[in-house]
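Trainee: Numbering (my numbering), first residue to last: 2 to 351.
Ideal Cβ placement from N, Cα and C applies to all residues, glycine included.
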Amino acid sequence: MSASRRIPSLDGLRAISIVLVLVSHLLGTRGFPVGTRAMGAIGDFGYLGVRVFFVISGFLITSLLLAEHAKTRTISLKGFYARRAWRIFPAFYTFVAAMIVAWALGSIALRGGDILAAVTYTMNYHYDRSWELGHIWSLSIEEQFYLVWPATFLVAGRRRIVPVAVAMIVIAPCLRAAAFLVFEHADDVAMEAYPCVMDSIATGCLLAALKERLDDTPRYLAALRSPWFVLVPLIVVLANLPTWWALEYTSHVTIQNLGVALCVDRCVRVPDDWAGKLLNWAPMVWLGGLSYSLYLWQEPFLNHYARSDVNTFPVNIVLAFACAVASFYLVETPFLAWRDRRKATRAAAC
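1) Between F314, S64, F46, which has its C-alpha nearest A210's C-alpha?
2) Does the segment 315-330 come within contact of the segment 283-295, defined as at least 3 CB pairs closer than 8 Å?
3) In chain order, what residues of the same chain have a beta carbon less than 7 Å from the beta carbon of N125, not counting five sequence neighbours either side?
4) Expressed to the nearest angstrom, what Euclidean distance is found between the alpha-carbon atoms of L11 and V51?
5) Does the segment 307-319 come close enough to the segment 10-30 that 3 or more CB-CB pairs lie under 8 Å?
6) Could you tell me the alpha carbon to alpha carbon distance between L225 and A179, rounded to whole angstroms?
7) In the DSSP assignment, what residue or residues form a beta bridge with R31?
8) How many Å lie between I81 and K212 at the Cα?
9) Would I236 pass as a contact of L155 if the rule is Cβ separation under 7 Å?
10) If W150 sits next to C206, beta carbons under 8 Å apart, how far is it from one beta carbon to the other, in whole angstroms?
11) Would E185 be called buried (16 or more neighbouring beta carbons within 10 Å of its own) or exposed?
12) Hey, would you say A360 sits closer than 7 Å to A157, going by beta carbons?
13) Ignoring anything shorter than 3 residues or poking outside the segment 164-252, list the beta strand (DSSP E) runs there in chain order.
14) Apply the 10 Å Cβ neighbour rule to F90 and answer buried if 16 or more other Cβ atoms are within range, or exposed otherwise.
15) Would you kindly work out how many angstroms separate the C-alpha atoms of E69 and S108, rounded to a whole number?
16) Suppose the cutoff is 8 Å on Cβ atoms and the five residues either side in sequence are ignored; what does the same chain contact list for C197 look like?
17) With 16 other CB atoms within 10 Å as the buried threshold, where does Y48 fall?
18) Determine the closest residue to F302 out of G289, F146, A103, with distance taken between C-alpha atoms.
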């Protein structure tokens with residue numbers, strides 16, 4: 002989206018999400034003062050950060066689809082997929098190409114099937130994988146969502162997307178529990194297979210679909226502004242703590258999804274309080290804008306299995322940011338500008 006169309010606070014929330022991922026991956030890296038045992042005590046905040054990304058994606062994409070449908074009475078799948086391709090593919094395939102070159106030079110060790118799973122966005126079903134490309138599992142889920150949800154919206158219709166989203170939210174925890182009991186890679190399947198994690202994105206979709214109804218619900222709006230709302234992010238953090246697997250994979254994930262969605266809605270609706278001002282603070286907005294490239298490039302450097310100089314703190318975080326900045330300004334931004342110029346040219350010709 003162009004800067005003028007950005008929804009307030011979402012970049013700030015993306016900044017918080019990527020910080021959670023970075024801290025999670027820094028644990029145990031050479032030179033970092035905190036080891037991986039901390040994750041066992043406080044929970045995996047990397048997964049929580051990714052979950053926030055998922056909820057935001059569901060909310061944002063559904064909001065855009067609703068706006069398009071209200072304007073044109075339909076959804077252009079071709080237009081949607083083209084916009085997503087321009088936004089996602091350049092930086093993504095540049096990163097994958099760089100990892101292939103690094104593997105060819107002997108700098109990293111990729112495993113069988115890694116490249117195919119990466120370029121086809123199926124890493125969330127490829128569990129015997131290298132660290133350097135492993136994080137693509139979450140991007141694969143998002144890409145599968147982009148592929149499926151607009152078509153589902155078009156087929157089901159605007160009025161039916163609420164029950165569809167609710168069904169996804171209800172079914173996914175059941176599938177996680179079943180996956181944990183049935184599959185060999187139980188944890189991987191439960192936390193990465195699209196049907197098992199679709200509820201995080203669906204929660205964001207539901208929030209967007211219910212926005213007009215929530216606009217006319219004074220008690221809900223008052224609750225968002227209440228000082229007691231601080232309990233919501235606290236509950237999200239508590240639900241992320243390690244517990245019995247049957248709760249951790251089912252109800253606790255649902256609680257986190259709903260809590261994150263409420264936080265998203267509050268931050269969007271109340272951008273003028275201290276939290277909103279923090280999220281819309283220029284450095285937070287910049288970091289949120291950088292989050293996609295930073296998520297791509299942090300993994301090769303924030304590797305607690307490696308002990309080389311480039312994987313040593315704080316060199317690793319500096320290199321991750323340097324590559325992300327280069328990706329953002331040399332790949333992401335030029336391609337998005339090119340897309341916008343093409344769109345403007347076509348509009349002028351009509």
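Mentor: To lay it out plainly:
1) The residue labelled residue 210 in the question sits at position 209 within the sequence shown. Residue S64 is the option with its Cα nearest to A210.
2) Yes, the segment 315-330 is in contact with the segment 283-295.
3) Here the question's residue 125 lines up with position 124 in the sequence shown. Around N125: W138, S141, I142, E193, A194, Y195.
4) The residue labelled residue 11 in the question sits at position 10 within the sequence shown. The residue labelled residue 51 in the question sits at position 50 within the sequence shown. As the crow flies, the alpha-carbon of L11 is around 14 Å from that of V51.
5) Yes, since at least three Cβ pairs between the segment 10-30 and the segment 307-319 fall closer than 8 Å, the two stretches touch.
6) Position 224 of the sequence shown, counted from the first residue, corresponds to residue 225. Position 178 of the sequence shown, counted from the first residue, corresponds to residue 179. When rounded, the separation of the alpha-carbon atoms in L225 and A179 is 35 Å.
7) Translated into positions along the sequence shown, residue 31 becomes position 30. As DSSP reads the structure, R31 sits in a beta bridge with T313.
8) Mapped onto the sequence shown, residue 81 falls at position 80. Mapped onto the sequence shown, residue 212 falls at position 211. Checking the sequence, you will find Phe at residue 81 rather than Ile. Distance between the alpha carbons of F81 and K212: 22 Å.
9) For the purposes of this step, residue 236 is taken as residue 235 along the sequence shown, with counting starting at 1. For the purposes of this step, residue 155 is taken as residue 154 along the sequence shown, with counting starting at 1. No.
10) What you label residue 150 is simply residue 149 of the sequence shown in a count that begins at 1. What you label residue 206 is simply residue 205 of the sequence shown in a count that begins at 1. Sure, about 7 Å apart at Cβ, within 8 Å.
11) Position 184 of the sequence shown, counted from the start, is the residue given in the question as residue 185. Counting Cβ neighbours within 10 Å, E185 comes out exposed, since fewer than 16 surround it.
12) Summary: the structure shown does not reach residue 360, with the chain confined to residues 2 through 351, and so no result is reported for it.
13) Segments of the beta strand (DSSP E) lying fully in the segment 164-252: there are none.
14) The sequence position of residue 90 within the sequence shown is 89, counting from 1. With fewer than 16 Cβ atoms within 10 Å of its Cβ, F90 is classed as exposed.
15) Within the sequence shown, residue 69 is the residue found at index 68, counting from 1. Within the sequence shown, residue 108 is the residue found at index 107, counting from 1. Put simply, the backbone Cα of E69 is about 46 Å away from that of S108.
16) Locating residue 197 in the sequence shown gives position 196, counting from the first residue. Counting only Cβ-Cβ distances below 8 Å, and skipping sequence neighbours, we find A173, L176, R177, A180, V190, A191.
17) Along the sequence shown, read from residue 1 onward, the residue named residue 48 stands at position 47. Burial call: buried.
18) Residue 302 sits at position 301 when you count from the first residue of the sequence shown. Cα-wise, what sits closest to F302 is A103.
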